[in-house]
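What follows is one structure encoded as structure tokens, with my remarks underneath.
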Amino acid sequence: MDFFHVLVVLLESTIRVSVPLVFAALAGLFTERAGVFDIGLEGKMLGAAFAAGAVAAVTQSVWIGLLAAILVSILLSLVHGYASITQRGNQIVSGVAINFIVAGSTVILGEAWFRQGGRTPALAEGARFQTINFPFADAVRDVPILGPIYADLLSGHFLLTYLAFAMVPASWWILYRTRFGLRLRAVGENPGAVDTAGISVIWLRYRAVICCGILCGFAGAYLSLAMTAGFVKGMTAGKGYIALAALIFAKWRPKNVMLACLLFGFLDALAIRLQGTPLPLVGQVPVQLMQALPYILTVILLAGFIGKAIPPKAGGVPYVKER
Amino acid sequence: MDNIAIELRGIDKSFGPVHANKNINLKVRKGTIHGIIGENGAGKSTLMSILYGFYQADSGEIIVDGRPVTIRDPNAAIAAGIGMVHQHFMLVENFTVLENVMLGAEDSQILNKGIAKARVELRRLEKEYALEVNPDALIEELPVGLQQRVEILKALYRKADILILDEPTGVLTPAEADHLFRILEQLKDQGKTIILITHKLREIMAITDEVSVMRRGEMVATRTTSETSVEELAELMVGRRVLLRVQKGEGTPGDVKLSVQGLTVKDSRGVTMVDNVSFDVRAGEIVGIAGVAGNGQSELLEAIAGIRKATTGTVLLNGKSVDVTGHRDPAELRARGLAHVPEDRHHVGLVLKFEESENAILGYHHDSSYSNGVFLNIDAIRKDAEEKIAKYDIRPPNARLKTANFSGGNQQKIVLAREMERGPDVLIIGQPTRGVDVGAIEFIHKRIIEMRDQGKAVLLVSVELDEIRALSDRILVMFAGRVVGERSPDATEGELGLLMAGVEGRKEAAE
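Residue numbers (the working numbering), protein chains in the order written: chain A, 1226 to 1548; chain B, 166 to 676.
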């Protein structure tokens, strides 16, 4: 196996593991830019993954599964919205609560409904996403350099993978080129300016939270309907938190979010690849160290290399009219 | 009577037990600048917030251009042609001028078209009202004066005919304020109606056509500006408050306890707030600093107290130098005999959620009588608090009550007790009776005189001229960051007023 081939394989798996991160980080981008911090990305993703797995197993339809994932995720978002926007509660507490409730209830419901130790039944072909192969992918594979790039790197992914990367420019366009985006960014910086301009702060923030729900729904559905064939308990495995780290790392900008997610995805792919393989000079690297790398990197880079990440100014603060 | 732009009839508003607006009636004529003046907390801002739909009045009517309107939210106010320039700008700092102006009035779902239109309209407004500003500049990079201009443009962009400005000069330098007034004159000439809310008499006299005075939630009078005087307005504002003259004997000044030399302080924007100020305060004398709010008194006080960095200058406390330009350490200053009663007791002087006894030792909690280094000695602290409560007549006499539940006057007494009972050599006091009821004012004044008679050096800053005159042995007047004159407390109010307005001082400084 030559170096080029290894690289293509590595990048291909980077893309695969980055997809849920991209969805979740963009989800966080929408709420946090509107001034609602959301540590509950993890829980929403997990809830969505469970709903997708369970519904797809029962209905045998990947689409109904996807829809269920989005609905459950929006519902959880609205809970967060009600607690933090309407009731002006603490946004971190609400997010953590969602994470815990979902982590527990998915296992309980899964066991009660399917009796497979918290899993959902393995999904048949029609009940999960299939990879999409570009035309002539197999034919051009042998062309040097470009062949593998086209056939292995660009082709052969799931629909949701393409959607995730399409969502990056789409999110940028929504945030920076539409009225909704302008208002959303404004409400995250100075809700007073939005209120005095005659726009409802509450309704605007709810819409941002719903956007977050939809995107987390995609992230969860990808985990249980595309990456694997069914739900496994705790299958998000901290991806929600990595997405949050990526969001901070990216200073709340869409393009940077994608790059940060790809970087963290790459580290993940590398960790899998290097498992049990001794490296020159250092020898065998413990898996745990590789898994911790995204977090360590975030801390180090934020501490000194990429400068200060300034969050949206009104982030985390419920809006109360003056006096 | 048909040239009334806006009329308020019987506006009434309460926040819980606080009656902020009592049966307010007001008529503002079209094409005039109408001033609304009153002390802090007189209810001016509440009234204007009702007009802009931020709050709903409990009762009363609003009539715009002869038609009764219901203003349920800012949208309705905008629709009625009312625009507001808030005291704290309602701008998104990391947006451009253009984005801020169009926010909420974007025209279409997709921005591109709206941006082009807004740019053209903004250019037209800039030209029509001589309000130049670069539409692509970020707000955070603009000086405050220009940020305010953006706020005005925002209102004009929404086709406001009635413009409300809430304390617009509070954040401006005098030059910027003058410029603002020229803009307002021009807007008036173009037929706009302007309501100017302020507590600065000078501004009212300089620019308004008519003026209404508010006091404690009531509209007490409306005058034609040219037919009234500063004295009359001041009296209307304050009311015939019988200021009980405190008994005060001759002071016996001793050694210099606090010496300030060439102190200059700049704020975070780099604007000079205190400009080369020098003075001494001796043991056994009260030096009062008079001035209209915002002329550098607050910054001067904070720099001496060690909570704000000075740019240059020296301060000697008990003859020993204090590092005012470098490392700041209020605790060290306290240990060296300086006590500080801050201007803003809610944010600086007290932790409102703490119980009374905790606030009574705040800042001195490391002292060996309250703490053994690890644990607080709760019994000693409560006993100490109870002694202070008795001595300062703090009501209700409950050391365990949450501080937020005390009235303004009693909260102030908690701070005074804490600072005075330490027996400091130098006591600096900011706004000792702001938001304090009349009974407590007398008590506080007596205590301050007592401190002097015990041989303490007292530096007093207050925007209440009466208070300065009643308590001080010497009066320094600050204007635009500088001490523009020194007077004895026998100086007339008019003489001091002219100094405070910067009229006399300029001459004096030039001589």
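Glycine included, every Cβ here is placed at the ideal spot set by N, Cα and C.
| request: Per DSSP, which residues does alanine 386 of chain B bridge with? Please list them. | output: B:Val378
| query | When you check each C-beta in the segment 266–298 of chain B against every C-beta of chain A, which residues fall closer than 9 Å? | reply | Met267, Leu268, Gly269, Ala270, Glu271, Asp272, Ser273, Gln274, Ile275, Leu276, Asn277 and Gly279
| request: If I'm right that valine 446 of chain B touches alanine 222 of chain B with Cβ under 8 Å, what's the distance once you round it to whole angstroms? | output: Not confirmed; about 48 Å, so no contact.
| message | At the level of alpha carbons, what is the spacing between alanine 1294 of chain A and valine 1280 of chain A? | response | Rounded to the nearest angstrom, the two C-alpha atoms are 9 Å apart.
| Cross-chain neighbours of glycine 1342 of chain A in chain B, by beta carbon under 8 Å | Residues of chain B passing the Cβ test: none, with the nearest at roughly 49 Å.
| task | Starting from leucine 256 of chain B, find everything on chain A with Cβ-Cβ shorter than 8 Å and list it in chain order. | result | Asn1415 and Ala1418
| Straight-line CA distance for glutamine 252 of chain B to isoleucine 329 of chain B? | 10 Å
| query | Quick one: which chain B residues come within Cβ less than 9 Å of glycine 1423 of chain A? | reply | Here the neighbours are Gly218, Asp238, Pro239, Asn240, Ala241, Ala242, Ile243, Ala244, Gly269, Ala270 and Arg323.
| What are the start and end residues of each continuous beta strand (DSSP E) run of 3 or more residues lying completely inside the segment 588–662 of chain B, in chain order? | 591–595, 622–626, 639–644 and 647–652
| query | Below 9 Å between beta carbons: does that hold for glutamate 172 of chain B and lysine 187 of chain B? | reply | No.
| serine 1298 of chain A - containing alpha helix (DSSP H), residue span | 1287–1306
| For lysine 1464 of chain A versus glycine 1335 of chain A, is the C-beta spacing smaller than 9 Å? | It is not a contact, given that the beta carbons lie outside the stated cut-off.
| said: So for glutamine 577 of chain B, helix, strand or coil by DSSP? | reply: For glutamine 577 of chain B, the three-state secondary structure derived from DSSP is helix.
| message | For chain B, check one thing: does any of its Cβ atoms lie closer than 9 Å to the Cβ of glycine 1540 of chain A? | response | no
| said: Looking at chain A, is there any beta carbon in it that lies within less than 9 Å of the beta carbon of methionine 379 of chain B? | reply: no
| field | CB contact flag (valine 1261 of chain A, isoleucine 1310 of chain A, <9 Å) | value | A contact, by the Cβ cut-off of 9 Å.
| field | Nearest to proline 1511 of chain A (by Cα), restricted to the options A:Pro1505, A:Pro1519 and A:Leu1499 | value | A:Leu1499
| field | Helix, strand or coil at alanine 1418 of chain A according to DSSP, with G and I counted as helix | value | In the structure shown, alanine 1418 of chain A sits in a helix (DSSP, three-state: H, G or I).
| field | Under 9 Å from the C-beta of lysine 1546 of chain A: neighbouring residues of chain B | value | Ser214, Phe219 and Tyr220
| message | For valine 376 of chain B and leucine 398 of chain B, which I take to be in contact (beta-carbon distance under 8 Å), what is that distance rounded to the nearest angstrom? | response | 7 Å
| request: Within 10 angstroms of the Cβ of phenylalanine 260 of chain B, are there 16 or more other Cβ atoms? Answer buried if so, exposed if not. | output: buried
| For asparagine 524 of chain B, the first and last residue of its enclosing beta strand (DSSP E) | Not the beta strand (DSSP E): asparagine 524 of chain B falls in the alpha helix (DSSP H), residues 521–524.
| field | Inside the segment 517–559 of chain B only - alpha helix (DSSP H) runs reaching at least 4 residues | value | 521–524 and 543–557
| said: My output table needs one value for methionine 255 of chain B: the three-state DSSP class, helix, strand or coil. | reply: coil
| message | Taking 9 Å as the threshold (beta carbon to beta carbon), is histidine 251 of chain B in contact with chain A? | response | yes
| query | Does any C-beta atom of chain A lie closer than 9 Å to the C-beta of glutamate 651 of chain B? | reply | Judged by the 9 Å Cβ criterion, glutamate 651 of chain B is not in contact with chain A.
| Is the CB-CB distance between alanine 1180 of chain A and glycine 1372 of chain A below 9 Å? | Outside the displayed range of chain A (1226 to 1548) lies residue 1180 of chain A, so it cannot be described from this structure.
| field | Exposure label - valine 407 of chain B; buried when at least 16 CB within 10 Å | value | Its pLDDT being 48, under 50, valine 407 of chain B is placed unreliably by the model, and the measurement read from it follows with that caveat. Valine 407 of chain B comes out exposed.
| query | Quick one: what does DSSP say leucine 349 of chain B is sitting in, helix, strand or coil? | reply | helix
| field | Where the beta strand (DSSP E) through leucine 307 of chain B begins and ends | value | Boundaries for leucine 307 of chain B: no beta strand (DSSP E) harbours it, and the DSSP string shows neither H nor E there.
| query | Applying the criterion that 16 or more other CB atoms from any shown protein chain within 10 Å of the CB defines a buried residue, is tyrosine 529 of chain B buried or exposed? | reply | buried
| request: Would you please verify whether the beta carbon of serine 179 of chain B is less than 9 Å from any beta carbon of chain A? | output: Cβ-Cβ to chain A under 9 Å: no for serine 179 of chain B.
| message | Assuming valine 442 of chain B and valine 425 of chain B are in contact, meaning their beta carbons sit under 8 Å apart, how far apart are those beta carbons, in whole angstroms? | response | 6 Å
| query | Would DSSP call threonine 568 of chain B helix, strand or coil? | reply | helix
| message | Within 10 Å of its beta-carbon, does aspartate 549 of chain B have 16 or more other beta-carbons around it, so buried, or fewer, so exposed? | response | buried
| message | For leucine 1232 of chain A and valine 1242 of chain A, what's the separation of their Cα atoms in angstroms? | response | The alpha-carbon separation between leucine 1232 of chain A and valine 1242 of chain A amounts to approximately 15 Å.
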